[in-house]
Amino acid sequence: MFPVAAKPDGVLPGFRLGLGYTLTYLALLVLIPLGGMILMTGKLSWGELWAIASGERAMASYRVTFGASLLAAMVNAVFGLVVAWVLVRYPFPGKRFVDALVDLPFALPTAVAGITLATLYAENGWIGQHLASVGIKVAFTPLGIVVALIFVTLPFVVRTLQPVIEDIEAEVEEAAASLGASRWQTFTRVLLPGLLPAWLTGFTLAFSRAIGEFGSVIFIAGNMPLVSEITPLLIISKLEQYDILGATTLAVVMLVISFVLLLTINLLQWWAANRHAGGGDDVPAEALAPGALVGGRP
Amino acid sequence: MTVRRATAEPVWVRRLLTGLALGFLALFLVVPLVAVFREAFAHGAEAYWAALAEGEAQHAMLLTVTIAAFALPFNIAFGIAAAWVIAKFEFRGKSLLTTLIDLPFAVSPVVAGLMFILLFGAQGYFGQWLAANDIRIIFALPGMMLATLFVTFPFVARELIPLMQAQGRDEEEAAVSLGASGWQMFFRVTLPNIKWGLMYGVILANARAMGEFGAVSVVSGHIRGETNTLPLHVEILYNEYNQIGAFASASVLALLGLVTLVAKTVVEWRMRKETEMLGAELPPEKTDLRPSFSTEQP
């Protein structure tokens, strides 16, 4: 934990101004709106809340949202590991270009991704026509949602794994190899456990982004109630029918799930940091503080 | 015959993994990117330019730029203030504050839009008062700006916090003890030190501000030629089966995404160079204090 000081230490100015501004801005833009939304559900009794949150259409939308998000995050976990490994370990022409391209889903507006994927995977689209000839329909089915979510969350696993793979020290692999481990054994028994916290963090980040995603999904989903309607879209359709309390209830359900995922991510990162600190020789905690990363000055 | 090192994979494994990684990225990133421009130019350059020159498209572009230009200064000011306080001072509740700053990333854009409707919409907390005073926030520009501020909230701060923590307090303390005023210290010491990190955060925030769909869509009311940003314009045209128009506007956004990627890569490259220079000034044994992968092996 950090040392607690009631008063700022040292000679640097700007603590009160900075903190005051930060807290005011945070309160006005984030905390008050969030609080207002949660308070709004107070207009309903627990029974009414439960009835809305567990309605048939709502339950179906959770299944679609979480099922598709889970699948997309799993696909990205597998391919993200391969992409990160290849980008760190293997030389190939155009590598820097490919590395930069991985961030495309963060830079491309989601609506653009949505209409493009819907066009590509439609039955007469570039990709859709080939899939249609073997009897697979992607656009306007739940599978389309998975495709859109794979695109949107693609960078997370790659970007969380890359620095950790870069940090693997050659001695670890050399020791394993010299003790007679095959390459596969070295990878699964020695390297993979070390990558696990970052891998899970990337997976959770991707999953958490996927469940809230809207723009890229609605174009390709077909948006059939009970079949391919995601929860964010159900919130909007309730809002458009002036069912404010219904929309708010579902939004709070999503909010609670997002908070749980945020907490999970923080715990995973804490785990990752402590794995490094723990084990064998006791590394002093200060050496692992972020301040030590660059320059190592006191 | 070549001898394979024990810590490297067989050639066929390398080729297979590289092929898998590149194939996955080609299918999910390159094909959609090419498709945007192909669809936009499907009926030739003339139709493309005509679609972009049309009044509503022009208005949508202007609105998108206006909203981003409004949101960025707020993000910069907040990012610097929050990072200054968190990176340079110790105080109670610091880790909670850091988590709260990340909160908007965990909230679904649709939920973000809904929050502002609950505050300022007709049935919201301030709805009646706003109506009585003839102030429009929802379904008008102020609401769209608020939604954009919310979704871009963490970008600058989360780039600057680790950077400023890594840089420590020494340089600023030296400036202050040599008689610099707070603003002199900020403009001559802090700002030059963080300029690339700041730029990086601004690039990401700008891409999100210009490309945001879900949150802005909820509060915009979709009034044609009035509250349509470029991503919302894309949606309307696409839903009207105006394929050329939708993809022409989408291609402008895709171009923005590509410019974002290039700018981001250049800034990353500059940051790495400066970190390396910083590392070179230090004695060798002090440069690598990073948590080493090997310490965690039992």
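Each protein sequence line maps, in turn, to chains A and B. Just so we're aligned: the first sequence equals residues 1 to 298 in my numbering. Just so we're aligned: the second sequence equals residues 1001 to 1298 in my numbering. Glycine residues also receive a C-beta, built at the ideal position from the N, C-alpha and C atoms.
Short Cβ contact (8 Å threshold) for residue i with residue j
i	j	result
B/Phe1213	A/Pro142	no
B/Ala1112	B/Ala1215	yes
B/Phe1247	B/Val1036	yes
A/Arg211	A/Gly194	First, the residue type needs correcting, since residue 211 of chain A is Ile and not Arg in the sequence shown. Against a cut-off of 8 Å, the Cβ pair of A/Gly194 and A/Ile211 comes out as no contact.
B/Ala1205	B/Thr1260	no
B/Phe1024	A/Phe151	no
A/Arg209	A/Thr160	no
B/Thr1190	B/Leu1063	no
Spatial distance of residue i from residue j (CA atoms)
i	j	result
A/Leu268	A/Ala221	32 Å
A/Phe79	A/Gln162	13 Å
A/Leu19	A/Gln129	57 Å
A/Ile218	A/Leu233	8 Å
B/Val1252	A/Leu70	32 Å
A/Gly180	A/Ala170	16 Å
A/Thr248	A/Leu262	20 Å
A/Gly227	B/Ala1060	The sequence given here places Val at residue 227 of chain A; Gly does not occur at that position. A/Val227 and B/Ala1060: Cα-Cα distance of roughly 33 Å.
A/Leu205	B/Met1199	24 Å
B/Asp1102	B/Pro1154	6 Å
A/Arg63	B/Phe1078	38 Å
A/Lys95	A/Leu87	7 Å
A/Thr22	B/Leu1072	16 Å
B/Leu1020	A/Trp85	11 Å
B/Leu1130	B/Ile1244	40 Å
Per-residue DSSP class, three states only, for residue i
i	result
B/Lys1088	helix
A/Ser54	coil
B/Phe1139	coil
A/Ala6	With a pLDDT of 44 at A/Ala6, under the threshold of 50, the predicted position of this residue should be treated as unreliable, though the coordinate-derived value follows. The answer is coil: DSSP assigns A/Ala6 none of H, G, I, E or B.
A/Gly246	helix
B/Glu1039	helix
A/Phe259	helix
B/His1059	helix
A/Tyr90	coil
B/Thr1229	coil
A/Phe167	The sequence shown places Asp at residue 167 of chain A, not Phe. The answer is coil: DSSP assigns A/Asp167 none of H, G, I, E or B.
B/His1222	coil
Alpha helix (DSSP H) segment containing residue i, residue limits
i	result
A/Gly36	32-40
B/Phe1126	Unbroken run through B/Phe1126: none, as it is neither H nor E.
B/Arg1208	1191-1211
B/Gln1165	1155-1167
A/Leu179	That residue, A/Leu179, is in no alpha helix (DSSP H); it is neither H nor E in DSSP.
A/Val152	142-152
A/Thr119	110-121
A/Leu26	15-26
A/Arg209	192-212
A/Gln241	First-last for A/Gln241: undefined, no H or E at that position.
Residues of its chain near residue i, where Cβ-Cβ distance is below 8 Å and the 5 sequence neighbours each way are ignored
i	result
A/Pro13	none
B/Leu1016	none
A/Gly310	This structure gives no information on residue 310 of chain A, because the portion of chain A shown stretches from 1 to 298.
B/Thr1227	Leu1063, Phe1139, Ala1140, Leu1141, Met1144, Ser1220, Gly1221
A/Ala259	Ala is not the amino acid found at residue 259 of chain A; the sequence shown has Phe there. If we look at A/Phe259 and ignore the five residues flanking it on each side, it has no Cβ neighbours.
A/Val190	Val172, Glu173, Ala176, Ala181
Beta-carbon contacts of residue i that lie in its chain and below 6 Å, excluding the five residues immediately before and after
i	result
A/Ala148	Leu117, Ser216, Val217, Ile220
B/Arg1270	Trp1196
B/Leu1146	Phe1116
A/Asp282	With a pLDDT of 39 at A/Asp282, under the threshold of 50, the predicted position of this residue should be treated as unreliable, and no value is reported.
A/Asp103	Pro155
A/Leu83	Per the sequence shown, the amino acid found at residue 83 of chain A is Val instead of Leu. Answer for A/Val83: Val158, listed in chain order.
A/Glu123	Ala132
7 Å Cβ shell around residue i - same chain, five flanking residues per side excluded
i	result
A/Val138	Tyr121, Gly128, Leu131, Gly144, Val147
A/Val252	Met37, Ile38, Thr41
B/Ala1263	Ile1203
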